[in-house]
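K.L.:
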Amino acid sequence: MNGQAAPAWDDVRLFLAIAEQGSIGKAAKALGMAQPTVSRRLAEIEASYGFPLFRRTPSGVSLTSRAERLVAPAKRMAEWAAEVARAIDDPNAGPRGVVRITAPPGVAMDFLAPFAGWLRQKRPGIALDVLSTVGVLDLSRGEADLALRAVSTTRGDLVRVAVLEQDVAFFASADYAARLPKGYGYADVDFVGWAPPYEMLPPNPQLAKLVPGFAPVFTSDSFLVQQAAAEAGAGAIPLPRTGHRFSRPSTMVELSLDLGPYAKTSTMLVAARSALEIPRVRVVADLLRKEFAHAQALVKRPRGKV
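Residue numbering for the sequence shown follows full-length UniProt numbering, starting at 1 and increasing by one per position.
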C-alpha cells in the first residue's frame, strides 16, 4: 500500500476469513464465494499491500510474520463493521454482541458468573464469553476484550481500568478448624495448593517462605477443585476477606494465621484502549468498574475467625 489509501473493509474481511479458517477453501465457503474468486482477490490484495499475507502449505495457509500483526486490528474492524450494521438496522438499539473477559477460575466463578446474571437483566443485548484460565491472554492481539488480573500490565495499548484491593486470609471448614490445637501456628495447619505446572502460583511460594519444609497435603491444577477440597476439610486455602454484592454464603471460617506481607491482594481490570472504543466493551468495563468501587467500599466481614 506504501502508506496510501486505507484498506477497504471487503479486503480486510477476506483476509480475516482466511486467517481464521486456515485455508482458502474454507474461507470461500464461509464467505459464500467461489474458491477461485477468493484466490484471485487474495492475490490482488497482496499485490496492493506490497507483501505476502499467507504462506501456502499442503494443509492450507499460515500467516506470514507481517500479517500476524494485522489480525487484531482486522478483528476490531470487523467488530466496528458489525456495530455500524446494527446502528443502521436499529438506530435506537443499545450496544449488542459478545464481550470476552479472561479471569482466573476463582474470580470467574465467584464474581463474573453472578455478574453475568445481573448483566443479563441490565443489558440483555450483551453476552459474556468468560475465558477462565490462570494463563495471561494477549489483549493487544484480541484474544480477549477485558481481563481481570492480579498483575498490572499497562504496556503498549493496554490500560488499567480499575483496581480492587482486598485483604487475604486462610479459610478452612469449621470441622477442620475445630480439630486444630489451641494456639495453633503454621506448622499445625494442612494447606491446599497448586499442582504442577502451576506450583509457582500463590499460595505455594508464599507458604514456602512462611513454613519450613512446606508441602501441601492436597494439590490440584484447578482452583475450583482446591476450594472444594478445603470446604470438605482437607486443609486451609487463601481467600479474600472482603466480599462483593454477588458473594455467596460460605460455611468456611477464617483461621488466625498472620500472612505478614502476603495479606493483601489486588485484582485489576485491564483492557486495550482500542477495545474500550467498542460500545459494548465500554459498557461492560464501566459496569465492572462500578462493581469494583462498590466492593472496595464494603466493610470487611470476616466469616468467623477461629
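Where is the CB? At the ideal position from N, CA and C, for every residue including glycine.
1. Measure the C-alpha to C-alpha separation of residue 46 and residue 63 and round it to an integer number of angstroms.
2. Identify which residue in 161, 213 and 150 has its Cα closest to the Cα of residue 286.
3. Judging by CA-CA distance, which residue of 75, 14, 256 and 83 is the nearest neighbour of residue 181?
4. What is the DSSP secondary structure of residue 67, reduced to helix, strand or coil?
5. Can you give me the Cβ contacts of residue 14 inside the same chain, cut-off strictly under 6 angstroms, excluding the 5 residues immediately before and after it?
6. Within a Cβ cutoff of 7 angstroms, which residues of the same chain sit near residue 304, ignoring the five residues on either side of it in sequence?
7. Whose C-alpha, out of 147, 59, 235 and 219, is nearest the C-alpha of residue 178?
8. Taking residue 11 as part of the alpha helix (DSSP H), name the residues at either end of that continuous run.
9. Would the beta-carbon of residue 96 fall within 8 angstroms of that of residue 142?
10. Can you have a look at residue 193 and say buried or exposed, based on whether 16 or more other CB atoms are within 10 angstroms of its CB?
11. Quick one: complete alpha helix (DSSP H) runs, 4+ long, within the region 259–291?
12. Alpha helix (DSSP H) containing residue 175: first to last residue?
13. What separation, rounded to the nearest whole angstrom, lies between the Cα atoms of residue 300 and residue 168?
14. Report buried or exposed for residue 53, applying the criterion of at least 16 other Cβ atoms within 10 angstroms of its Cβ.
15. State the CB to CB distance for the pair residue 131 and residue 137, rounded to an integer number of angstroms; the pair is presumed to be in contact (CB under 8 angstroms).
16. Among the residues of its own chain, which have a CB less than 6 angstroms from the CB of residue 166, if the five just before and after it don't count?
17. How many Å lie between residue 159 and residue 218 at the Cα?
18. For residue 56, which of 81, 24 and 273 has the nearest alpha-carbon?
19. In whole angstroms, what is the alpha-carbon distance linking residue 71 and residue 122?
20. Quick check: the Cα distance between residue 11 and residue 134, rounded to an integer number of angstroms?
21. To the nearest angstrom, how far is it from the Cα of residue 260 to the Cα of residue 209?
22. Counting only the same chain and skipping the five closest in sequence on each side, list residues whose C-beta sits under 7 angstroms from that of residue 115.
23. What is the C-beta distance between residue 140 and residue 272, in whole angstroms, given that I count them as a contact (C-beta under 8 angstroms)?
24. Which of helix, strand or coil does DSSP assign to residue 123?
25. Could you please give me the residues that DSSP links to residue 162 through a beta bridge?
26. Around the Cβ of residue 298, are there at least 16 other Cβ atoms within 10 angstroms (buried) or fewer (exposed)?
27. Would you kindly work out how many angstroms separate the C-alpha atoms of residue 44 and residue 124, rounded to a whole number?
28. Can you name the start and end residues of the beta strand (DSSP E) that residue 193 belongs to?
P.N.:
This is what the structure gives:
1. 12 angstroms
2. 161
3. Cα-wise, what sits closest to residue 181 is 256.
4. helix
5. 41
6. Reliability fails at residue 304, whose pLDDT of 49 lies under 50, so the model's placement of it is uncertain and no value is given.
7. 235
8. 9–21
9. no
10. buried
11. 273–276
12. 174–179
13. With a pLDDT of 49 at residue 300, under the threshold of 50, the predicted position of this residue should be treated as unreliable, and no value is reported.
14. buried
15. Sure, about 6 angstroms apart at Cβ, within 8 angstroms.
16. 240, 242 and 265
17. Going by the C-alpha atoms only, they are around 37 angstroms apart.
18. 24
19. 32 angstroms
20. 36 angstroms
21. Each residue's alpha carbon lies about 11 angstroms from the other.
22. 246 and 291
23. 6 angstroms
24. coil
25. 269, per the DSSP bridge assignment.
26. exposed
27. 42 angstroms
28. Note, residue 193: beta strand (DSSP E), 192–194.
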